[in-house]
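**Student:**
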Amino acid sequence: MELVSSKDPQLREVVRFAVCCRALTLLLQALFNLLIPDHAADAFSPPRLSEPGLWDLLLEQLLGGLSRWDAEHFLFIAEHGYLYEHNCAFFPLYPLSVRAVAEGALWPLQRLLRLRSRLLLSAVLLNSLFSVLAAAALYKLGCVVLQSRKVAFLAAILFSVSPANIFMAAAYSESMFAFLAFSAMWRLEKGQSWLSGLLFSLASGVRANGLINVGFFLYSSCKHFALQLQVGSGSVRKLPLLWKQLLSVGSSVILMCAGIFLPFALFQCYAYGRFCGPGIGLEQTVPKPLLQLALDKGYSLAARNGVKPPWCSQQFPVVYSYIQDTYWNVGFLRYFELRQIPNFLLALPVTLLGSWAAWTFILANPWHCLTLGLERRKSEEEGKPRAGFCCPAVFVYVVHATVLLVFGFFCMHVQVLTRFLGSSSPILYWFSAHLLQEYEPLLWSEGTDDQIAALRSEKSLLGKPPGSCGKETSENPLVRLLMNCSLIKPLSKCVLAFFLSYWLLGLILHCNFLPWT
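Residue 125 in the numbering used here sits at position 108 of the sequence shown, with consecutive numbering throughout.
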């Protein structure tokens, strides 16, 4: 694969570090799951239809912490399909992929593991792969957009210790979505529109917020058309040629947008056919324990007793918006309650980072923001674009992240903002890398051992001799900062504390059914 076959040493370090972080994550979650008793949470917990064997119990001990909360929904869908109405809040591409690997690559294990255990193992393996590939894709994207390999490298390293790390490892769809979204953005930046459109379309089959990615195509097409109009502005452009270009851009945009919306539309049609259709003989096909669970918990089955859900009679019967409204009480300002203050505090770091990122970019590029980047810049004509986070090419990503942030803060369960932004936008990692690279003197050095040792000697107030740094340590900026944590600036400590504390707390809390983001 092009993502990981490069001879770029920084890309190899990104992949190596991502693999190490994923291995450490799996080890720690198993340890915490073993040492800390599970909380009795009021969460979706379907009964197991078959008795576990010895190997099933062992796998549950090792990986059971990754099957908590919404992971139960994904694993249930992969095993039983969309049996309950509220399962339709979770899009199908990820559970389909988990089932395909469980029935394909893990088929030889069927004598040792029941289907549920193979599905859990499949989810963990897939997410480990997708998280590594997502880190590589983020690095490639950063190199193209930021025009700064240092910032792109540090951002990709930070992604491996993302505050949303537990959701990248558990049986959630975040890793798959991040890989598809970052890869699609990278391909679009390289001018590979059709491949980018395919990846964006797959992403919208993983998570609903993939639909927002249509904005990248709209902006890219509009910008390309606007800049073309400004080429040779002194001459009068022929009207037929202008209309021809406009029709060409319009038709390609319509096709790409239709492709991105197609998975969402098909899934809504499937849900309508399943839950609004006759449902003849459905109850006879539902295992009794699952039918009893529906009766005990009030879960809605497909057209049970001929009674159709209310959303079936709506003018636009969209099950996703109905479920978010009815089951999760998602809506504008609905989460603004005093009892939700702890959840707002959980979302505070990512909210501040996202807002600060947008403000920093606006201050650095006021005219570019006012003109929406549709005016040709002098730096473009001179061939000297600004590099780093404040590069004008970052504009559309800042807008994308800001839209997600504002929508999530006012309309969603606010505590999910961390994983919502962490798996959907590169801005969280680019801006954090920008802060570290811009304000941390330890990263201003090119990284030779002598320079780092000299810097430590200069900054040390206690006069202690500097420790030796190996060659591998100096190659990874995050490791370098952690090895010299007593010397780094307060801002760097705050950024690293946010990433690492959420990385660790997520493992401890989420794996034991305790509330987390």
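In this text, a Cβ means the ideal position worked out from N, Cα and C, and glycines have one as well. Predicted model only: the values in this text are computed from it and were never measured.
1) Within a Cβ cutoff of 8 Å, which residues of the same chain sit near Y101, ignoring the five residues on either side of it in sequence?
2) Does L568 come out as helix, strand or coil in the three-state DSSP assignment?
3) Would V415 and A374 be called neighbours here (beta carbons separated by less than 9 Å)?
4) By Cβ distance, which residues of its chain are closer than 8 Å to S269, with the 5 residues on each side in sequence left out?
5) According to DSSP, is Y344 helix, strand or coil?
6) Have a look at S221, I271, L369 and V411 and flag the residue whose alpha-carbon is nearest the alpha-carbon of F196.
7) How close, in whole Å, do the beta carbons of A7 and L155 come, if the pair is a contact with beta carbons under 8 Å?
8) Give me the DSSP bridge partner(s) of Y101.
9) Taking contact to mean 3 or more Cβ pairs, one atom from each stretch, closer than 8 Å, check whether the segment 74-88 and the segment 42-55 are in contact.
10) Looking only at its own chain, which residues have a Cβ that is under 8 Å from the Cβ of V118, when we skip the five neighbours before and after it?
11) By the DSSP assignment, the alpha helix (DSSP H) with G227 in it spans what residues?
12) With three or more C-beta pairs closer than 8 Å as the rule, is the segment 157-168 touching the segment 54-73?
13) Measuring only the C-alpha atoms, how far is E96 from R133?
14) For N360, collect the residues of the same chain with a Cβ closer than 8 Å to its Cβ; drop the 5 residues on either side in sequence, then sort them by chain order.
15) If I505 sits next to L459, beta carbons under 8 Å apart, how far is it from one beta carbon to the other, in whole angstroms?
16) In whole angstroms, what is the alpha-carbon distance linking V496 and W533?
17) Mind checking whether R17 and Y111 have CB atoms under 9 Å apart?
18) Given a threshold of 16 other Cβ atoms within 10 Å of its Cβ, counted over all protein chains shown, does E463 qualify as buried or as exposed?
19) Are the segment 260-279 and the segment 216-231 in contact at 8 Å, needing three or more beta carbon pairs?
20) Whole angstroms is fine: what's the gap from L391's alpha carbon to V266's?
21) Starting from H241 and walking both ways along the alpha helix (DSSP H), at which residues does that stretch end?
22) Can you find the residues in the same chain that come closer than 8 Å, C-beta to C-beta, to P366, ignoring five residues on each side of it along the sequence?
23) How would you call G121, buried or exposed, if buried means at least 16 neighbouring beta carbons within 10 angstroms?
24) Answer with buried or exposed for S200, where buried requires no fewer than 16 other C-beta atoms within 10 angstroms of its C-beta.
25) According to DSSP, simplified to helix, strand and coil, what is R33?
26) What first and last residue would you give for the alpha helix (DSSP H) that runs through N493?
**Tutor:** On the basis of the data shown:
1) Within the sequence shown, residue 101 is the residue found at index 84, counting from 1. Once the five neighbours on either side are set aside, the close Cβ partners of Y101 are A311, Y316, S317 and L318.
2) Outside the shown range of the chain (18 to 534) lies residue 568, about which nothing can therefore be said.
3) Within the sequence shown, the letter at position 398 stands for residue 415. Within the sequence shown, the letter at position 357 stands for residue 374. In contact: V415 and A374 (Cβ atoms closer than 9 Å).
4) On the sequence shown, position 252 is the one that residue 269 refers to. Cβ neighbours of S269 beyond the five flanking positions: S210 and S238.
5) In the sequence shown, the residue the question calls residue 344 occupies position 327. Coil at Y344, not helix or strand.
6) Looking up residue 196 in the sequence shown gives position 179. Ranking S221, I271, L369 and V411 by Cα distance to F196 puts S221 first.
7) Residue 7 is absent from the model: the chain starts at 18 and stops at 534.
8) Locating residue 101 in the sequence shown gives position 84, where the first residue counts as 1. According to DSSP, Y101 bridges with L318.
9) Taking a cut-off of 8 Å on C-beta distances, the segment 74-88 touches the segment 42-55, as three or more cross pairs fall below it.
10) As a position in the sequence shown, residue 118 is number 101, starting the count at 1. So the qualifying residues of the chain are S139, L142 and L143.
11) Counting from 1 along the sequence shown, the entry for residue 227 is found at position 210. Note, G227: premise wrong, no alpha helix (DSSP H); not H, not E.
12) no
13) Here residue 96 corresponds to residue number 79 of the sequence shown, with the count starting at 1. Here residue 133 corresponds to residue number 116 of the sequence shown, with the count starting at 1. Approximately 7 Å between the Cα atoms of the pair.
14) Stepping through the sequence shown from its first residue, residue 360 is reached at position 343. Correct list, in chain order: Y352, H430, V431 and Q432.
15) For the purposes of this step, residue 505 is taken as the residue at position 488 of the sequence shown. For the purposes of this step, residue 459 is taken as the residue at position 442 of the sequence shown. Yes, they are in contact, since the Cβ atoms of I505 and L459 sit about 6 Å apart, within 8 Å.
16) Translated into positions along the sequence shown, residue 496 becomes position 479. Translated into positions along the sequence shown, residue 533 becomes position 516. Approximately 27 Å, taken between the alpha carbons.
17) For the chain, the structure presents residues 18 to 534; residue 17 sits outside this window and is missing.
18) Here residue 463 is taken as the residue at index 446 of the sequence shown, counted from 1. Here E463 scores only 49 on pLDDT, less than 50, and its place in the model should not be relied on; the value that follows carries that caveat. E463 comes out exposed.
19) yes
20) Your numbering for residue 391 matches position 374 in the sequence shown. Your numbering for residue 266 matches position 249 in the sequence shown. Using only the alpha carbons, I get a separation of about 15 Å.
21) The count along the sequence shown starts at 1 and reaches residue 241 at position 224. Segment V231 to Q247, the alpha helix (DSSP H) holding H241.
22) Mapped onto the sequence shown, residue 366 falls at position 349. P180, T435, F515 and Y519, listed in sequence order.
23) In the sequence shown, counting from the first residue as 1, residue 121 sits at position 104. That one is exposed.
24) Numbered from its first residue, the sequence shown carries residue 200 at position 183. With 16 or more other Cβ atoms within 10 Å, it is buried.
25) For the purposes of this step, residue 33 is taken as the residue at position 16 of the sequence shown. Helix.
26) Along the sequence shown, read from residue 1 onward, the residue named residue 493 stands at position 476. First-last for N493: undefined, no H or E at that position.
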